[in-house]
Amino acid sequence: MLIIGIAGLVIGIECRHTYLEKRCAPFQTDKKPDFTVTVTREMIEDEKAKSGECPAGADDGYFESLSAARAIAHRLPAYGAFLFHAAVIEYRGEAVGFTAPSGTGKSTHIGNWKRAFRGDVGIVNGDKPILRFSPDGTLCAYGSPWAGKEGWTRNVGCPLKAIVFLERGKENSIVPLSPADAALPVMNQILLESDPETVGKTLALTDRMLSAVKLYRLACTPDVASAVTAKEAIFGK
Amino acid sequence: MRIVPGFVVRDVGGKTFAVATGTIAKKFHGMITLAGSGKEIWEALQEETTEEAIVDKLLAVYDVDRETAAADVKRFVSELRKAGLLLG
């Protein structure tokens, strides 16, 4: 069994393929799991059926990894945590999450942050970070084995300062969003297919998240100025 | 008629959403935003009722005429029916 430690939780994963094992390596621990998920053949087939477009070379190992993420996502809300579909970076220790439909240019935008601010910027996770409220009420973003096609992830946790909805623009502009404006787009990035109790807990956490972080919509060009526009709005000049 | 069981209703960011859970979530993807009278209509449909009875409930809460309320209920109910979310 694989055992990983993320967000202060120890998670056991019963699986067969090396794909997931490799991705779990930075998170491996020998502590006793808080909970364990088992990926079955049926879950893998289910995941294949659900998948619309999948990367070239997607094999059973790839789908087993997605199945494990889904199974873990179902268990997290009981611990005050959830899986969020976003790319997360940290700027001087504070995290920013970017969400957008695939192909919008999330990776390009993050590349621009690295080019503009170099050592002040670090990757947290490229695709599915875990978010969890600390006992003091701070919402933190943690890297996970589910890191997207670039494989961007680190075994770190940072307080989440802002969520940015990314769209392409002819020029760079950023506007703050209210929790009401952001509610639906945020919910679309969170797994809500579960039992009533889990869904209820997830929605309560989502509501809490919307008042805990700053929310923005960024229209951006593919050049480095887009990162400067975003950084100045979120962190000041 | 009444709404199929299995929806969870919560306020998120100051808006009210109904989200499908369990087996209903396999058939119905996505979520429903409940605004204005939609909340009362949804609430009324938690138990067996009729369009007429829902209109009466709305008239007790909102300062509108019967025709307007009836049209609201009809529209909401027909959308739910189209989505396969009504029993009976």
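Residue numbers (my numbering), protein chains in the order written: chain A, 4 to 240; chain B, 1199 to 1286.
Even glycine gets a Cβ: it sits at the ideal position worked out from N, Cα and C.
Whole angstroms is fine: what's the gap from L206 of chain A's alpha carbon to S214 of chain A's?
As a working note, residue 206 of chain A is residue 203 in the first sequence. As a working note, residue 214 of chain A is residue 211 in the first sequence. Those two C-alpha atoms are separated by around 13 Å.
Any beta-carbon of chain E closer than 7 Å to the one on T1219 of chain B?
Among the chains of the structure shown, chain E does not appear; the protein chains present are A and B.
Using alpha carbons as the reference points, say which of A:P162, A:F66, A:I126, A:G129 lies closest to S137 of chain A.
Here residue 137 of chain A corresponds to residue number 134 of the first sequence, with the count starting at 1. Checked all of A:P162, A:F66, A:I126, A:G129; the closest Cα to S137 of chain A is A:P162.
How far does the beta strand (DSSP E) with R220 of chain A in it extend, from its first residue to its last?
For this step, residue 220 of chain A is matched to residue 217 along the first sequence. Note, R220 of chain A: beta strand (DSSP E), 217-223.
How is L115 of chain A classed by DSSP in three states: helix, strand or coil?
Here residue 115 of chain A refers to the residue found at position 112 when the first sequence is read from its first residue. The amino acid occupying residue 115 of chain A in the given sequence is Asn; Leu does not appear at that position. Residue state, collapsed to three classes: helix.
Using 8 Å as the cut-off, can you tell me whether the segment 211-225 of chain A makes contact with the segment 1235-1248 of chain B, which would need three or more C-beta pairs spanning the two stretches below that distance?
no
Tell me, please, whether the CB atom of L69 of chain A is closer than 7 Å to any CB atom in chain B?
The count along the first sequence starts at 1 and reaches residue 69 of chain A at position 66. Not closer than 7 Å to any Cβ of chain B, the Cβ of L69 of chain A fails to qualify, so no.
Can you round the beta-carbon distance between D123 of chain A and R95 of chain A to whole angstroms, since I take them to be within the 8 Å contact cut?
The sequence position of residue 123 of chain A within the first sequence is 120, counting from 1. The sequence position of residue 95 of chain A within the first sequence is 92, counting from 1. Between R95 of chain A and D123 of chain A the Cβ distance is about 5 Å, and since that is below 8 Å, they are a contact.
Do the CB positions of F85 of chain A and L180 of chain A come within less than 7 Å of each other?
Mapped onto the first sequence, residue 85 of chain A falls at position 82. Mapped onto the first sequence, residue 180 of chain A falls at position 177. No, Cβ-Cβ distance for F85 of chain A and L180 of chain A is not below 7 Å.
Mind checking who Y94 of chain A pairs with in its DSSP beta bridge?
By one-based count along the first sequence, residue 94 of chain A stands at place 91. For Y94 of chain A, which the question treats as bridged, DSSP gives the partners A:E97, A:V124.
Under DSSP, the alpha helix (DSSP H) around K164 of chain A begins and ends at which residues?
The count along the first sequence starts at 1 and reaches residue 164 of chain A at position 161. Note, K164 of chain A: premise wrong, no alpha helix (DSSP H); beta strand (DSSP E) at 160-171.
I'd like to check one pair, S70 of chain A with M46 of chain A: are the Cβ atoms closer than 7 Å?
If you number the first sequence from 1, residue 46 of chain A lands on position 43. If you number the first sequence from 1, residue 70 of chain A lands on position 67. Yes, these two residues count as a Cβ contact at 7 Å.
Using the C-alpha atoms, what's the distance from K109 of chain A back to L1285 of chain B?
Position 87 of the second sequence, counted from the first residue, corresponds to residue 1285 of chain B. Position 106 of the first sequence, counted from the first residue, corresponds to residue 109 of chain A. Using only the alpha carbons, I get a separation of about 43 Å.
Just curious, the alpha helix (DSSP H) that V1271 of chain B is in, first and last residue?
Counting from one through the second sequence, the residue named residue 1271 of chain B turns up at place 73. From DSSP, the alpha helix (DSSP H) with V1271 of chain B extends over 1264-1280.
Check each residue of the segment 97-123 of chain A: if its Cβ is closer than 7 Å to any Cβ of chain B, include it; give the result in chain order.
none
So, using beta-carbon positions, are E1246 of chain B and R1279 of chain B closer together than 7 Å?
Working through the second sequence from its first residue, we reach residue 1246 of chain B at position 48. Working through the second sequence from its first residue, we reach residue 1279 of chain B at position 81. Going by C-beta atoms, E1246 of chain B is not nearer than 7 Å to R1279 of chain B.
Does any residue of chain B bring its CB to less than 7 Å from the CB of G55 of chain A?
To locate residue 55 of chain A, count along the first sequence from 1; it is residue 52. By this cut-off, G55 of chain A is not an interface position.
How about S229 of chain A and H77 of chain A: do their beta carbons lie closer than 7 Å?
As a first step, residue 229 of chain A must be located in the first sequence, where it is residue number 226. As a first step, residue 77 of chain A must be located in the first sequence, where it is residue number 74. No; because the gap between Cβ atoms is not below 7 Å, this pair is not in contact.
Does any CB atom of chain B fall closer than 7 Å to the CB of E17 of chain A?
Along the first sequence, read from residue 1 onward, the residue named residue 17 of chain A stands at position 14. It does not: the Cβ of E17 of chain A has no partner Cβ on chain B nearer than 7 Å.
Out of A:V227, A:L221, A:K240, which has the shortest C-alpha to C-alpha gap to G100 of chain A?
The residue you call residue 100 of chain A lines up with position 97 of the first sequence. G100 of chain A has its Cα closest to that of A:L221, out of A:V227, A:L221, A:K240.
Pick helix, strand or coil for G64 of chain A, following the three-state DSSP scheme.
As a working mapping, residue 64 of chain A is identified with position 61 in the first sequence. If DSSP states are grouped into helix, strand and coil, G64 of chain A belongs with the helices.
Do you know how far the Cα of G239 of chain A is from the Cα of L169 of chain A?
On the first sequence, position 166 is the one that residue 169 of chain A refers to. On the first sequence, position 236 is the one that residue 239 of chain A refers to. Each residue's Cα considered, the two are about 19 Å apart.
From G55 of chain A to P29 of chain A, what does the alpha carbon distance come to, in whole angstroms?
For the purposes of this step, residue 55 of chain A is taken as the residue at position 52 of the first sequence. For the purposes of this step, residue 29 of chain A is taken as the residue at position 26 of the first sequence. If you take the alpha carbons of G55 of chain A and P29 of chain A, they lie about 29 Å apart.
Quick one: list the residues of chain A neighbouring F1215 of chain B, beta-carbon separation under 9 Å, in chain order.
Mapped onto the second sequence, residue 1215 of chain B falls at position 17. Near F1215 of chain B (Cβ distances below 9 Å), the residues of chain A are A186, L187, M190, L206.
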